[in-house]
Structures are given as structure tokens and as C-alpha cells.
Amino acid sequence: MNPQAKLIFTISLLLGTTITISSNHWIMAWTGLEINTLAILPLISKSHHPRAIEAATKYFLVQAAASTLILFSSMTNAWQTGQWDITQLTCPTSCLILTSAIAMKLGLVPFHFWFPEVLQGTSLTTGLLLSTAMKFPPMTLFFMTSQVLNPTLLITMAILSVALGGWMGLNQTQTRKILAFSSISHLGWMAIIIIYSPKLALLNFYLYILMTTAVFLTLNSIKTLKLSTLMTTWTKTPALSATLMLTLLSLAGLPPLTGFLPKWLIIQELTKQEMAPAATIIALLSLLSLFFYLRLAYCATITLPPHTTNHMKQWYTNKPTGALVAILATMSITLLPISPMILTII
């Protein structure tokens, strides 16, 4: 893609995100979301591969439907109350429609079907944008309207997201699809807590972005799209593979690593809110996703195939992101000791 065109689309992405997160009026928030969608479409379809075009088409249709529902929800609320302010969403029907619309934007179950397919059709760098930056504006809307969202619907979708994110990731061999189901599972953790502690949901989101970025950039630098390719990478970049293993275990939420912090705080908060059954269910369901993270970690470091796998050997790696990967991976692994400081902020 032409560098000037890429620059324009990147600036448009930043502009759309900034408009949405800084707006008080529903029309402005909707405008920002539309700019975002239109800016990411050329980045998804830039390879001109049929799968990329299909991914862009699916993404456009789903995001257009979700944006329409957001507009419909805000118009219904304005019709009932005369208010266009984002924080003044009081009509119950509007709250229900908005919860569904933002769930569709984010890819929460049962609106998750588009996300793994779209991620599979794009490059790893665009996949990183879709998994992190493109989820920021809808999460901001969730944050601003957290007091009026429908709790029953949100908790049901959250538990289903954690369950399906774990189950459907078990059988995958493509790293992008595994990361897509990982994203759906993490969004379930954020959705279950957003009503009770919005700041905690945002903390979870930031740490998720940190860890996912580290994993995506690592996979991009070692050019890995399949598990069979991942199995042969440790002979070329042993240190990077070891770091990838630790980052994946952090994403899984194992105790001495950063990823344990949000899970621990969310389970604690749910217990305080007398939702111990929901906390137990979501903790047990996260074991499903732990299994496929362990499989990824196993492929990254422990396995050397006894025979030559039938794929093209790649003797070189992408170097420029080395320092960034090192910083992100270190933060993804070692932030747990500063949890007392984070608790004072929350």
C-alpha cells in the first residue's frame, strides 16, 4: 500500500477514536465510529486476496449494523426524554438496544461470529489493530453508559463469551483465530464487571491491550501464522520464543504474571457484589482458554518436530520491532508486584 494512503488511514483511525472518546453527544460518538470503520476497511483489504476482501465485507456489514443500532438507540432515547447526552440514557428499550449494539461492535457472544473470520483474513498488524485499537471506542461508550446498561443481558453475554471463547479456541491451528477467541474470552471478563466497577474493566482492557500487542508483534517478527510454523521457530529465536511463552501464560492469567492481576481483582469484586456463583463459573470457564494458551506455549518452546514439517522454511525474521517487543513483553510478565499501587488508583 502507498505510504501516503496508509498515513491518511492511520490519521483517520486516530481521529475517529478521538472523536468518539471525547464526545458527549450521541451523533458525534456515532460519527467517530463511522470514521473508524471506513478507515480500517482499506487496511483489511489491502492484500487484494479473496479472503481479505471477504473479511472487509463482513467487517463492514457487521459494523454498519451495529452503528445503525447505536443511532436507533440514541434516537429512541431522545424521542422519549429529549436528551442527546451520552450519560443521560434512561429509556429501558434504548439501554437494551445499546447493550446489544456495543456487544456487536466488540464481538461479544452471540455477536462474535464475524471476529475470528475477519481476523483470519487480515495480516497480523491489521489483526492487532482490530483486536486492540478498534475496541477502544466501543469500550469507552460502555464505560460512559455503565450505570444504565442492562445487567442481566450483559452478565449472560459475558459468561457465554468466556465459555465460547475457550471452547472454540481449543480446536484451532491458526494463531490469528486462537487470538480472536482469546479476545472474545477477555471481553467476557470486562463485560461482567463493567456495571459494578467500570475502572476495573478499563484496567483489564489496558492490560489486555498490553499483552495482546506483545503477542501479535512477536508472532509478526517471527512470521508465524500456524502452529506448525511456531514449532520450528525456537531454533532461530530461542529468547523470543521463551518470552512468547511467558506472555501467553500471562494472557492465560497464571499467578506470578501480569495477567493474573485483573482476574484476581474481578473475582474479588464479584464476590463483594454477592455474585459468588458468577465468579465461580467464570473462573472455571477460564480454564478452557488456559488449555489453548498452554498448547501455544508448548508449541513455541518445548516442541521440536522429529521430522521436517511440510511448510516453507523461513530463515530470516522481521527485526525492527525488537525494542518495542522487549518492553511490552517485560511489562506483560512483570507488572504484578505493583498491584498495591494500582489498587490505590482504583
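Be aware that the sequence shown starts at 0, since it is given in numbering that gives the first Met the number 0, and climbs by one per residue. Glycine is no exception: its CB is placed at the ideal position from the N, C-alpha and C atoms.
Quick one: measure Cβ to Cβ for residue i and residue j, integer angstroms, because I've assumed they're closer than 8 Å.
i	j	result
N149	C94	5 Å
S288	S181	6 Å
K176	P115	5 Å
L202	I345	6 Å
L216	V324	5 Å
T236	I221	6 Å
F110	A102	5 Å
Hey, quick one: how far does the alpha helix (DSSP H) through residue i stretch, first residue to last?
i	result
N203	P197 to S220
M138	F135 to M143
E116	W113 to Q119
P91	P91 to L105
M230	M230 -> no alpha helix (DSSP H), and no H or E assigned at all.
L70	P49 to T80
V324	G321 to T333
K271	F259 to K271
T343	S338 to I344
M156	P150 to G168
P237	P237 to A251
A352	It is not possible to answer for residue 352, since the shown part of the chain is limited to 0 through 345.
Q3	P2 to S21
L37	W25 to I43
T125	L123 to S130
Taking the straight line between their C-alpha atoms, what separation do you get for residue i and residue j?
i	j	result
L40	L243	29 Å
L260	W78	43 Å
L128	T75	32 Å
G165	G81	43 Å
A277	L269	8 Å
A296	W25	43 Å
L209	M330	8 Å
S73	T139	16 Å
A38	I191	30 Å
A55	P137	19 Å
L199	Q267	11 Å
F291	N219	19 Å
S240	K104	33 Å
I96	H185	22 Å
A299	A63	38 Å
L229	T223	6 Å
S22	T234	50 Å
T124	S99	28 Å
L32	I20	10 Å
I69	T144	12 Å
Q171	D84	43 Å
A322	A328	10 Å
M156	G126	23 Å
A238	T151	45 Å
S160	I154	10 Å
S66	W263	34 Å
N1	S44	13 Å
M27	A251	37 Å
Restricting to Cα atoms, I'd like to know which of the options is closest to residue i.
i	options	result
I280	I158, N170, L169 and G252	I158
A46	G120, S72 and I177	Correcting the residue type first, residue 46 is Ser in the shown sequence and not Ala. Selected option, being the one with the closest Cα: G120.
Q146	T86, S99, L163 and A296	T86
T257	M143, T333 and L13	T333
L169	I154, A325 and L226	L226
L335	L253, A238 and V108	L253
L342	T300, L327 and I265	I265
E273	K222, T89 and Y195	Y195
T9	L42, A251 and T30	L42
I301	T232, P91, F142 and M27	T232
V214	I221, L88, T246 and I183	T246
Q173	S122, L206 and A132	S122
L88	F142, T211 and A162	F142
L13	M133, L60, M189 and V61	M133
T16	S160, T67 and T131	T131
I337	A4, P255 and I326	P255
I183	L107, F59 and A51	L107
DSSP on residue i, reduced to helix/strand/coil?
i	result
Q173	strand
The ligand GDP and residue i: does any heavy atom of the ligand fall closer than 7 Å to the residue's C-beta?
i	result
F8	The model on display carries no ligand, and the ligand GDP is accordingly not part of it.
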